[in-house]
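**Q** As given, the protein sequences belong to chains A and B, one line each in that order.
Read left to right, the first sequence gives residues 1 to 467 (my numbering).
Read left to right, the second sequence gives residues 468 to 665 (my numbering).
Where is the CB? At the ideal position from N, CA and C, for every residue including glycine.
Small disclaimer: the values here were computed from a predicted structure and weren't measured.
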Amino acid sequence: MKSRTVIEKIWDNHVVAERGNAPTLLYIDLHLVHEVTSPQAFDGLRQRGLRVRRPDLTIATTDHSTPTTPRGFPIVDQIAKAQVEKLIQNCKDFGIHCYPLGSDKQGIVHVIGPELGLTQPGMTVVCGDSHTATHGALGALAIGIGTSEVENTLASQCLLLKRSHTYQVRVDGALKPGVSAKDIILALIARIGIGGGTGSIFEYCGSAIRSLSMEERMTVCNMSIEGGARAGLVAPDDTTYQYVAGREFAPKGAAWDQAVARWRQLPTDEGAAYDKSIVIDAATLEPMITFGTNPGMGIPIRGAVPNPSDISDPLERDSLARALVYMDLPAGKPLLGHPVNVVFIGSCTNSRISDLRNAASVLKGRKVHPSVRVLVVPGSQQVKAQAQAEGLDQIFRDAGADWREAGCSMCIAMNGDSLQPGEYSVSTSNRNFEGRQGKGARTFLASPMTAAASAISGKVSDVRELL
Amino acid sequence: MEKFTPFESRMVALPRDNVDTDQIIPARFLKTISKDGLGDQLFNDWRYDAEGKPKPDFVLNKPESKACKVLLAGDNFGCGSSREHAPWALTQYGFRAVISTSFADIFKGNSLKNSLLPIVVPPDVHAELLKDPTGAVKVDLASQTLTLASGRKVHFPVDDFAKHCLLEGIDELGYILQQEPAIAAFEAAHPAGIDTRA
Ligand code: SF4
Chain A
1 MKSRTVIEKI WDNHVVAERG NAPTLLYIDL HLVHEVTSPQ AFDGLRQRGL
51 RVRRPDLTIA TTDHSTPTTP RGFPIVDQIA KAQVEKLIQN CKDFGIHCYP
101 LGSDKQGIVH VIGPELGLTQ PGMTVVCGDS HTATHGALGA LAIGIGTSEV
151 ENTLASQCLL LKRSHTYQVR VDGALKPGVS AKDIILALIA RIGIGGGTGS
201 IFEYCGSAIR SLSMEERMTV CNMSIEGGAR AGLVAPDDTT YQYVAGREFA
251 PKGAAWDQAV ARWRQLPTDE GAAYDKSIVI DAATLEPMIT FGTNPGMGIP
301 IRGAVPNPSD ISDPLERDSL ARALVYMDLP AGKPLLGHPV NVVFIGSCTN
351 SRISDLRNAA SVLKGRKVHP SVRVLVVPGS QQVKAQAQAE GLDQIFRDAG
401 ADWREAGCSM CIAMNGDSLQ PGEYSVSTSN RNFEGRQGKG ARTFLASPMT
451 AAASAISGKV SDVRELL
Chain B
468 MEKFTPFESR MVALPRDNVD TDQIIPARFL KTISKDGLGD QLFNDWRYDA
518 EGKPKPDFVL NKPESKACKV LLAGDNFGCG SSREHAPWAL TQYGFRAVIS
568 TSFADIFKGN SLKNSLLPIV VPPDVHAELL KDPTGAVKVD LASQTLTLAS
618 GRKVHFPVDD FAKHCLLEGI DELGYILQQE PAIAAFEAAH PAGIDTRA
């Protein structure tokens, strides 16, 4: 048999039909639903008189427009409240299990899927959300979709999809202290640009990826979309199986052994070909930070902001110049030392327990700069409980940070947590688009360690000085 | 979905690279539970000032942009979030096609499902269009032809199946549901490993 990549193997395992000029009909093993991209899909089902085909493969939670204030508080924003209530009603009407606000398992959809053991190697996973690629860390083919496709999946448990190109992202070597998974992915995107992976699915491989924990792999896979890719994954290995073992929805007993035997067949065969490849040397990476208005506008923490006059392509030059105007930054100067107003530690990129431990290790025994507002938002209520059991919440509080309930929060600023116009943040989230963290907000994307270091000094900082 | 018919229109040019869906429709407008009423919020933060008044220098607010059905965009248009609110906002404003050198994957798929035609042209055609950014173009999906103001005809690629759906005004779900026997057979051969309700 032809040598295949893990991407092709998972794809082939899920082909339901290939007919005429239609794209492949692909079976979906897990469908994650949240309040923002689903209401119109449920309405579509109602209009057509359809039911949800596989409620047993569908799960819902509220995360995007939900407050991160104490859970007893009502949702003040009436439009958000209506949206959250609509999801709960839709789940009731269509027999879907939901972890609503107030549930001890509620959280960001991409945090709870792996955490509950719902996401498993070899699965096809979809969600009406572009960061679905996060689940690729477990060796799943996880694809972000729009609302029409949410409706298609609810109705048929299938999607019509065209095969993507395979793109090998090989990261070899060892990361230096102070450099993390977030820096790997920011460096990749800075190199290939935000459209570099369009039409492709990334497979992350190489010794540096292998030595990452599951949570770190999630951080890398999460931002695949920021490189333009439809998905990104890491072939499963013992790290994966150890992570999945014993989780609530993971197979148990004999079924577990059978599952692992199946999963061991998934990794890419020797000699399998990719459409594209890139190699990154982990040892050369430094902590990264973005300066502009898309995630590809990133530089090493001590680097200088590029100068539009050095760029020949007129549209590219214009886009850099516009970004610097929006960010109110001079060209050619380092970002290091630039004052910040807010530090946000959270989002589906960096809100898991290891992220919080990293941030806490920097903040422990130190104080947040008095001019900086710091929000620490755990990715799920389970992460929150774990952090509290370890005393991390106390470290954050003692340092002067705000410790919140789980949700997307200031990653997308739909829930009331947002920057004021013109304010700067160092944020562990994944997007620095204009207005992403509030109208007129200016975002520097970085790792939890860099964010914590910047919280202490009140300026963009190099965490390596504190290690 | 409406049948996609040939049309002629002047263009609105927004030649910026990497316009993301957060610019097309900012996240705070995604709290709606309906598809409607998004046209007025299209490009909201570029289009209106702090008081909500239209900014006269933004292209969509110029008198000559009224009733234009074609958006001339920059490279990698529609990157970022998967929100289908982006094509909903564009079509509700009145756009029926977007021309660019490339589109982000999810946006392209979402657009095709909403009768919004993403037209990919080579850089030289894009440059010619930009020389006369408010010029009229003709869009004919059946022959996959874009006719420029100069009379130059350009063939553009479209996925066969998407083209069929657009021309007939049908959506994918109808086709998918016809595959019921194949779906049932797949399910019988592949018992699910999880039960989310358990
Ligand atoms: S945390 Fe941010 S990127 Fe992740 S799902 Fe929520 S809004 Fe989207």
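Given a cut-off of 8 Å on the beta-carbon distance, is the pair A/Ser200 and A/Arg170 in contact?
**A** No. Outside cutoff.
**Q** Would you report the Cα separation of A/Val111 and A/His64, rounded to the nearest angstrom?
**A** If I take the Cα positions, the gap works out to 13 Å.
**Q** To the nearest angstrom, report how far apart A/Val109 and A/Glu226 are at their CA atoms.
**A** Approximately 18 Å between the Cα atoms of the pair.
**Q** List the endpoints of the continuous beta strand (DSSP E) containing A/Cys158.
**A** Looking at the DSSP string, the run of the beta strand (DSSP E) that includes A/Cys158 is Cys158 to Leu161.
**Q** So if DSSP puts A/Phe202 in a beta bridge, which residue, or which two residues, is it bridged to?
**A** Answer by DSSP bridge pairing, in chain order: A/Tyr167 and A/Gly232.
**Q** Return no unless some Cβ of chain A is closer than 8 Å to the Cβ of B/Arg563.
**A** No, B/Arg563 lies away from the interface with chain A (no Cβ there is under 8 Å from its Cβ).
**Q** Rounded to whole angstroms, what's the CA-CA distance from B/Leu505 to B/Ile492? Just pull it up for me.
**A** Cα to Cα, B/Leu505 sits roughly 8 Å from B/Ile492.
**Q** The ligand SF4 and A/His131: does any heavy atom of the ligand fall closer than 7 Å to the residue's C-beta?
**A** Yes, the ligand SF4 has a heavy atom inside 7 Å of this Cβ.
**Q** State yes or no: is the beta carbon of B/Gly618 nearer than 8 Å to at least one beta carbon in chain E?
**A** Judged by its chain identifiers, the structure shown contains no chain E, and its protein chains are A and B.
**Q** Tell me which residue opens and which closes the alpha helix (DSSP H) that A/Lys92 is part of.
**A** Start and end: Gln78 to Phe94.
**Q** Relative to the alpha-carbon of B/Val565, which residue among B/Met478, B/Met468, B/Thr472 and B/Ala656 has its alpha-carbon at the smallest distance?
**A** Checked all of B/Met478, B/Met468, B/Thr472 and B/Ala656; the closest Cα to B/Val565 is B/Met478.
**Q** Which value, in whole angstroms, describes the spacing of the CA atoms of A/Leu285 and A/Met414?
**A** In a straight line, the C-alpha of A/Leu285 is about 33 Å away from that of A/Met414.
**Q** Within the continuous beta strand (DSSP E) that includes A/Leu324, where are the two ends?
**A** Premise fails: A/Leu324 lies in the alpha helix (DSSP H), Pro314 to Met327, not in any beta strand (DSSP E).
**Q** For the ligand SF4, any of its heavy atoms closer than 7 Å to the Cβ of A/Val33?
**A** Checking every heavy atom of the ligand SF4 against the Cβ of A/Val33, none is found closer than 7 Å.
**Q** For the ligand SF4, is there a heavy atom less than 7 Å away from the beta-carbon of A/Val454?
**A** For clarity, residue 454 of chain A is Ser in the given sequence; the question names Val instead. No, since every heavy atom of the ligand SF4 falls outside the 7 Å radius drawn around the Cβ of A/Ser454.
**Q** Pairing CB atoms from the region 72 to 80 of chain A with CB atoms from the region 180 to 190 of chain A, are three or more of them under 8 Å?
**A** No, the region 72 to 80 of chain A does not touch the region 180 to 190 of chain A.
**Q** On a Cα-Cα basis, can you pick out the residue from B/His622, B/Ser476 and B/Thr663 that is closest to B/Ile586?
**A** Taking only the C-alpha atoms, the option nearest B/Ile586 is B/His622.
**Q** Return no unless some Cβ of chain B is closer than 8 Å to the Cβ of A/Asp129.
**A** Closer than 8 Å to some Cβ of chain B, the Cβ of A/Asp129 qualifies, so yes.
**Q** From A/Ile289, A/Thr290, A/Pro314 and A/Ala331, pick the residue whose C-alpha is nearest to that of A/Pro306; which is it?
**A** Per the Cα distances, A/Ala331.
**Q** Identify each residue in the region 310 to 323 of chain A for which the Cβ-Cβ distance to at least one residue of chain B is less than 8 Å, and report them in chain order.
**A** Listed by position, the residues of the region 310 to 323 of chain A near chain B (Cβ gap below 8 Å) are Leu315, Glu316, Asp318, Ser319 and Arg322.
**Q** Counting C-beta neighbours from all protein chains within 10 Å, is the total for B/Asp507 16 or more, i.e. buried, or is it exposed?
**A** Its Cβ having fewer than 16 others within 10 Å, B/Asp507 is exposed.
**Q** Decide if A/Met449 is buried, meaning its Cβ has at least 16 other Cβ atoms within 10 Å, or exposed.
**A** Looking at its Cβ environment, which holds 16 or more other Cβ atoms inside 10 Å, A/Met449 is buried.
**Q** Excluding the 5 residues preceding and the 5 following B/Gly541 in the sequence, name in chain order all residues of the same chain whose CB lies nearer than 6 Å to its CB.
**A** Only Pro482, Arg483 and Asp484 meet the Cβ criterion.
**Q** For B/Leu640, which residues in chain A fall below 9 Å Cβ to Cβ?
**A** Result: Gly44, Arg48, Leu50, Ser148, Glu151, Asn152, Ala155 and Ser156.
**Q** Alpha carbon to alpha carbon, how far is A/Arg366 from A/Tyr241?
**A** Near 37 Å, if we compare the C-alpha coordinates of A/Tyr241 and A/Arg366.
**Q** In chain A, what lies closer than 9 Å to B/Ala659 by C-beta?
**A** Within chain A, the residues near B/Ala659 are Asp29, Arg54, Asp56 and Leu57.
**Q** Mind checking who B/Arg477 pairs with in its DSSP beta bridge?
**A** Per DSSP, B/Ala603.
**Q** Out of B/Gln646, B/Leu597 and B/Glu551, which has the shortest C-alpha to C-alpha gap to B/Leu497?
**A** The option with the nearest alpha carbon to B/Leu497 is B/Glu551.
**Q** Report whether the distance from the Cβ of A/Asn430 to the nearest heavy atom of the ligand MN is below 7 Å.
**A** Inclusion of the ligand MN in the displayed structure is not the case, the ligand content consisting of the ligand SF4 alone.
**Q** Of all the CB atoms in chain B, is at least one closer than 8 Å to the CB of A/His97?
**A** Yes, A/His97 lies at the interface with chain B (some Cβ there is under 8 Å from its Cβ).
**Q** Does the distance from the CB of A/Met214 to the CB of A/Thr134 come in under 8 Å?
**A** Taking 8 Å as the Cβ cut-off, A/Met214 and A/Thr134 do not qualify as a contacting pair.
**Q** Which residues of the region 403 to 415 of chain A have a Cβ closer than 7 Å to any Cβ of chain B? Give them in chain order.
**A** Those residues of the region 403 to 415 of chain A that come within reach of chain B (Cβ to Cβ, closer than 7 Å) are Ile412, Ala413 and Met414.
**Q** What number of angstroms, rounded off, separates the C-alpha of A/Trp403 from the C-alpha of A/Leu116?
**A** The alpha-carbon atoms of A/Trp403 and A/Leu116 are separated by roughly 23 Å.
**Q** For a contact meaning CB atoms closer than 7 Å, what does B/Leu497 contact in chain A?
**A** Chain A residues near B/Leu497: Val36 and Met414.
**Q** Could you give the distance in angstroms between the alpha-carbon of B/Thr612 and the alpha-carbon of A/Gln168?
**A** C-alpha separation (whole angstroms): 35 Å.
**Q** Determine the direct distance from the alpha carbon of A/Asp129 to that of A/Phe396, and round the result to whole angstroms.
**A** Going by the C-alpha atoms only, they are around 30 Å apart.
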